[in-house]
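All you need for our numbering is the position in the sequence shown, starting with 1, plus 427. What follows is one structure encoded as structure tokens, with my remarks underneath.
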Amino acid sequence: MKTVLITGATSGIGMKLAEDYAIDGWRVTGCGRSTSALEALSERYQNFDVLRFDTSDQEECEQALGNLVHNPDLIILNAGTCEYIDNGQVDAALFKRVFTTNVFGVVNCLEVLQRSYKEGTHVALMGSTASYLGLPRAEAYGASKAAINYLARTLSVDLEHLGVTVSLISPGFVKTPLTDKNDFPMPMMVTTEEASSTIRAGLEKKKNEIHFPRRFSLILKFIATLPVFLQLMLVRRLVRKTS
């Protein structure tokens, strides 16, 4: 039986991935902070193990992940958060909260889980299409996901000699409890069902990057290839158009 470990498995994309892998017959280790959500998943699926811990706490990561019963074939580090700033007013505490979860939460898990790597291990990091361009109000979130983008690319090269595959997942807007808090238009939004299907298909093919929705992500990727002054001009137009 193949095994998968998923952080942030108690809501949104992570929960849907955990459910779909369990239905597909994988041994799933779902990680999160919500005891009730984890217990509900464990009761629903016999092949579902739970680990309750906070990825941003290094000691909790060590205790939870240091002695796994099943070394995972697939690791999906999905846990994350999002906060926005207004009118370009930098808030250091906000930046710290976002980076603590989105960057150091991933690094905390990787430091422990790397001891379980074997030839064929597949690691997937949750990035975002927000890392492609400088998007208004996303200074903290976009920067944290840009760090994950870079981390995934470099680890993909550095871990190749061990036979470890690293994939970057770059979603656009997905309807989740996190995006439900957004107070602005979210073009080409997809459901968690669509996101899970796309992600699982991409991971099955061991793609270096899984980006979606395709049209939205390709538009952003194209804009990112242009000179910076054109990028900024087009982003401003895009923001005005969706306002």
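Glycine residues also receive a C-beta, built at the ideal position from the N, C-alpha and C atoms. Since the structure is predicted, the reported quantities are computational estimates derived from the model, not experimental observations.
- In the DSSP assignment, L595 forms a beta bridge with L552, E636.
- Where D447 is concerned, there is no enclosing beta strand (DSSP E), although the alpha helix (DSSP H) around it starts and stops at 439-450.
- Per DSSP, G507 lies in no alpha helix (DSSP H) and is assigned neither H nor E.
- The residues G439, I440, M442, K443, V601, K602, T603, in chain order, have a CB closer than 8 Å to that of T619 in the same chain once the five nearest residues on each side in sequence are set aside.
- Taking C-alpha positions only, R524 is separated from F656 by approximately 31 Å.
- DSSP, reduced to helix, strand and coil, places R564 outside both helices and strands of the structure shown, so it counts as coil.
- A Cβ-Cβ distance of about 5 Å is found for the pair I503 and I433, placing them in contact under the 8 Å criterion.
- Under the three-state reduction of DSSP output, D585 falls in the helix class.
- Selection D481, G515, S483 evaluated against L562 yields G515 as nearest (Cα-Cα).
- The shortest C-alpha to C-alpha distance from I575 to any of Q658, T456, T527, R471 is the one to T527.
- In this model, E486 and V539 are separated by some 10 Å (Cα to Cα).
- Restricting attention to R460, L501, Y472, the CA atom closest to the CA of T482 is found in R460.
- The beta carbon of D500 is closer than 8 Å to those of K429, T430, V431, G547, T548, H549 in its chain, skipping five residues each way along the sequence.
- T430 has R454 as its beta-bridge partners, per DSSP.
- Under the 8 Å Cβ criterion, the stretch 642-658 does not count as touching the stretch 588-595, having fewer than three qualifying pairs.
- Shortest Cα-Cα distance from N535 to any of D484, V666, Y448 involves D484.
- When C-alpha distances from L582 are compared across N474, A651, L552, M660, the shortest belongs to L552.
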